[in-house]
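A.B. asks:
In the numbering used here, the protein residues as written are 154 to 215.
1) In angstroms, rounded to a whole number, what distance separates the CA positions of residue 188 and residue 196?
2) Taking the continuous alpha helix (DSSP H) assigned at residue 189, which residues delimit it?
3) Rounding to the nearest angstrom, what Cα-Cα distance links residue 201 and residue 183 in this structure?
4) Going straight from the alpha carbon of residue 210 to that of residue 185, what length do you get?
Take a look at the structure:
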């Protein structure tokens, strides 16, 4: 890590006018087919688990 005193000294002599303007390019990354299918499977399993009742479970003894 940098020395905190050196960083503060650099901040003190920093000139904002030396910076260049940069155009922001926003990118939209869409999910691929496998990601969509995986999310659908997960949502389906969650729905199945949430909608199942306790009567469907079998009693197990240890």
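By construction, the Cβ of each residue, glycine as well, lies at the ideal position given by its N, Cα and C atoms.
C.D. replies: Considering the structure as presented:
1) Cα-Cα distance, rounded: 12 Å.
2) Looking at the DSSP string, the run of the alpha helix (DSSP H) that includes residue 189 is 186 to 204.
3) About 27 Å.
4) Rounded to whole angstroms, residue 210 and residue 185 show a C-alpha spacing of 36 Å.
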